[in-house]
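Enquirer: Quick one: this structure, given as C-alpha cells, is what I'll be asking you about.
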Amino acid sequence: MRRIFTGLTAAAILLVCGCGSKAKSDGPDREGRVADWRNTSRHNELSYSQTPATRPAGSIEAGVLVVSGENLTADEVIRRARPELERLARTFDEQGFRERVGMSVFNTLRDLVSEVMLYKQIANRLTEEQDPLLEKAVNKAVEEMVAREAGGSTVRFEKLLIARDSNMDALRSQLRRQILNQQYLREQIRPKVVVTREELWHYYQTHQPKFQHPARAHVLLIEVDPAALAAASSQPADMAALAQQRLAEIQRRLDAGEDFRTVAADLSTGSLRKLSGDIGWITQGSHRHQEIDERAFAQPIGLPGEPVAIGRRFYFVLVEQRENARQVPFADAQDEIRPILERERYIQLVNDHVTDLWRKAAVGPVEPFMRTVLSRMPTYEALRTNPLLSAAATPDGPATNGVEPLP
C-alpha cells in the first residue's frame, strides 16, 4: 500500500489549496474560502512569535479550524509539522528559519485539511467486514513503530508520544485515517491511470539527454606514491629510489602475467590497495586526472600500459571493460518512462479528486488559525537543540510500511 501512496500526500493532496483547477466557481462562499487560503499562502507575511498567543479568556476559536464539521486543532498541526521544523532549525540560522517556517506550517495545514476531507468522504463506506481488517492494519503499523523507535517497549514508546504532547489513541486515530485514505486512493484512483504510447514517445523526444549514455570504462589503478613509501620505510631512504624500485617490481609482476588486482592489493599505495585497484566504472571526461581519463578510453582493454606520472605520483592503468556512447532506443526506454508518467498522472488525478472535495467543503477562517499555530510553536532554540522524536514515530508521520491492502 505504501508503495503507491507514500510521498504523494505531500506531493499531491497538499495541492488541494494551491492547484490550478479550471472548474467553475461555486458562488461567493466558495470564492471567499479560496481567497482565504490564497491569502494565507503568503506565509512570510504571517509573523512567527516566540511568545504565546493572547486570546480572550474562554475563547478557543482561534485554536481550532473546523473542516466539514471536524475540529482540527493548532496542537495537531504543530505535532505534524514538528519533525520538519526541527530539520529546518538544525539546517538554518534563526533568520533563515523564520523565512521558511510559515511555508512549512502552512503546507502541513493543507495536508491535514486534505486528509480530513478525504477521510470524511470514505469513512462511512467502511463495511463491517473491512473494519476488523483496518484495525489489524493499524495494530501492525503500531507494532512496527514500537519496534523501530522504542526497541519493542510499548511503555517507552508511549513516553516518546507523551513528549510530543500525543498519546496512543491519537496515534491509532491518525493511522486509521491514513491507512483508509491510502486504500481508497489505491482502489479508486490507481485504475484510472493510463499512459498512451503517444505520451511515452513525446516524453522520449523531449528528454533526449536523459537517454544518451556517454562512453564509460571499468578501470583499475595501481598507485605509487614516493612520499608514502618513504613514510612506511623503516630506514631513511631516497624517495625517488624507493619509487623506482616499486615501479620496477610492479612492472615485473605484470609482465609475468600476474593478476592486476593481486598486484594492486600487494604493492599499491593509498586507498587503492584496499580496493585491489578497482575504482569501478567512470564516464568519459569524469575522472579528476585527465591523464587517467585519456588512458581509460584509448588504452587496449585488458593490457596494462606503462606507468603515467601525475604530479609526484605514478599510476598503472588497466581497462577491464569499455562501452561506447549510445542512445537508448525508444523500445528500451519505455520501461523507464512509464512509471514517471504514471506517477504524474496519479498525482494529477488525486489532486483533481481532492480539489472537488474542497469545492464542497466548509472550512473555517484560516488566517486567524495560522497565526495561532505560529504563536504556539516551540522556540527556534528548542527545536534546534531538543528534538523529541523522529518523523517515523510521530502520530502524524507515514508509518504504514508492510500494511496489507484491505479487500
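Add 56 to a position in the sequence shown, counting from 1, and you land on the number used in my numbering. Cβ coordinates follow ideal geometry from the N, Cα and C atoms, glycine included.
Whose C-alpha, out of 340, 339 and 317, is nearest the C-alpha of residue 330?
Expert: Looking at the Cα atoms, 317 is the closest of the given residues.
Enquirer: Pull up the distance between the alpha-carbon of residue 312 and that of residue 319, whole angstroms please.
Expert: Between residue 312 and residue 319, the C-alpha separation is close to 11 Å.
Enquirer: Based on Cα-Cα distance, which residue from 225, 278 and 378 lies nearest to residue 271?
Expert: The shortest C-alpha separation from residue 271 is found at 378.
Enquirer: Suppose the cutoff is 8 Å on Cβ atoms and the five residues either side in sequence are ignored; what does the same chain contact list for residue 303 look like?
Expert: The answer, listed in chain order, is 280, 363 and 370.
Enquirer: Give me the DSSP bridge partner(s) of residue 273.
Expert: For residue 273, which the question treats as bridged, DSSP gives the partners 338 and 378.
Enquirer: Look at the alpha carbon of residue 428 and the alpha carbon of residue 164, and state the distance between them as a whole number of angstroms.
Expert: One C-alpha to the other measures close to 14 Å.
Enquirer: Residue 115: buried (16+ other C-beta within 10 angstroms of its C-beta) or exposed?
Expert: With a pLDDT of only 39 at residue 115, under 50, the local geometry of the prediction cannot be trusted, and the value read off the model is given with reservation. Exposed.
Enquirer: Mind checking whether residue 234 and residue 171 have CB atoms under 9 Å apart?
Expert: Yes, the pair counts as a contact, with Cβ atoms nearer than the cut-off.
Enquirer: Assess contact between the stretch 257 to 268 and the stretch 383 to 392, defined as three or more Cβ pairs (one per stretch) separated by less than 8 Å. Is contact present?
Expert: Output reads yes: the stretch 383 to 392 touches the stretch 257 to 268.
Enquirer: Using the Cα positions of residue 359 and residue 301, report the straight-line distance between them to the nearest angstrom.
Expert: Each residue's alpha carbon lies about 22 Å from the other.
Enquirer: Thinking residue 220 and residue 135 are a contact (beta carbons under 8 Å), I'd like their distance in whole angstroms, please.
Expert: The Cβ separation is near 6 Å, so the contact holds.
Enquirer: Runs of 4 residues minimum, wholly inside the stretch 267 to 338: which ones carry the alpha helix (DSSP H) assignment?
Expert: Those alpha helix (DSSP H) runs which fall completely within the stretch 267 to 338 and span 4+ residues are 282 to 288, 295 to 311 and 316 to 323.
Enquirer: Taking the alpha helix (DSSP H) that residue 134 falls in, what are its first and last residues?
Expert: Looking at the DSSP string, the run of the alpha helix (DSSP H) that includes residue 134 is 130 to 147.
Enquirer: What would DSSP say about residue 439, mapped onto helix, strand or coil?
Expert: Reduced to three states, the DSSP call for residue 439 is helix.
Enquirer: Figure out for me which residue from 242, 337 and 410 has the closest Cα to the Cα of residue 376.
Expert: Measuring from the Cα of residue 376, the nearest candidate turns out to be 337.
Enquirer: Quick check on residue 419: does DSSP put it in helix, strand or coil?
Expert: Three-state result, residue 419: strand.
Enquirer: Please classify residue 373 as buried or exposed, where buried requires at least 16 other C-beta atoms within 10 Å of its C-beta.
Expert: Flag for residue 373 reads buried.
Enquirer: Is the beta carbon of residue 174 less than 9 Å from the beta carbon of residue 237?
Expert: Against a cut-off of 9 Å, the Cβ pair of residue 237 and residue 174 comes out as a contact.
Enquirer: Closer than 8 Å is the cut-off here; do at least three beta carbon pairs connect the stretch 204 to 224 with the stretch 256 to 265?
Expert: These segments do not touch.
Enquirer: Give the straight-line distance between the Cα atoms of residue 343 and residue 182, rounded to the nearest whole angstrom.
Expert: Their backbone Cα atoms lie some 59 Å apart in a straight line.
Enquirer: Do you know how far the Cα of residue 180 is from the Cα of residue 125?
Expert: Using only the alpha carbons, I get a separation of about 15 Å.
Enquirer: Hey, how far is the Cα of residue 189 from the Cα of residue 274?
Expert: Distance between the alpha carbons of residue 189 and residue 274 is about 51 Å.
Enquirer: Could you spell out where the beta strand (DSSP E) holding residue 190 opens and where it closes?
Expert: It is not in any beta strand (DSSP E) - residue 190 instead sits in the alpha helix (DSSP H) that spans 186 to 206.
Enquirer: On the three-state DSSP scale, how would you describe residue 365?
Expert: Reduced to three states, the DSSP call for residue 365 is strand.
Enquirer: Using a Cβ-Cβ cut-off of 6 Å (strictly less than) and excluding sequence neighbours within five positions of residue 425, which residues of its own chain qualify?
Expert: So the qualifying residues of the chain are 121.
Enquirer: Can you tell me which of the three DSSP states residue 121 falls into?
Expert: In the structure shown, residue 121 sits in a strand (DSSP, three-state: E or B).
Enquirer: Is the beta carbon of residue 144 closer than 9 Å to that of residue 439?
Expert: Contact flag set, yes.
Enquirer: For residue 407, count neighbouring C-beta atoms within 10 Å of its own C-beta (all shown protein chains included) and say buried if the count is 16 or more, exposed if not.
Expert: The residue in question, residue 407, is buried, as its Cβ has 16 or more Cβ neighbours within 10 Å.
Enquirer: Which residues in the same chain as residue 417 place their Cβ atom closer than 6 Å to its Cβ, once the five residues preceding and following it in sequence are excluded?
Expert: Once the five neighbours on either side are set aside, the close Cβ partners of residue 417 are 124 and 173.
Enquirer: At what residues does the alpha helix (DSSP H) containing residue 161 begin and finish?
Expert: Start and end: 150 to 179.
Enquirer: Would residue 218 be called buried (16 or more neighbouring beta carbons within 10 Å of its own) or exposed?
Expert: That one is exposed.
Enquirer: Report, in whole angstroms, the separation of the C-beta atoms of residue 276 and residue 333, which I expect to be a contact under 8 Å.
Expert: At roughly 4 Å, the Cβ-Cβ gap stays under 8 Å, so residue 276 and residue 333 are in contact.
Enquirer: Which residues in the same chain as residue 232 place their Cβ atom closer than 6 Å to its Cβ, once the five residues preceding and following it in sequence are excluded?
Expert: 194.
Enquirer: Rounded to the nearest angstrom, how far is the Cβ of residue 241 from that of residue 278, given a contact under 8 Å?
Expert: That belief does not hold up - the Cβ atoms of residue 241 and residue 278 are roughly 55 Å apart, past 8 Å.
Enquirer: Which term fits residue 357, buried or exposed, when burial requires 16 or more other beta carbons within 10 angstroms of its beta carbon?
Expert: Residue 357 is exposed by the Cβ-count criterion.
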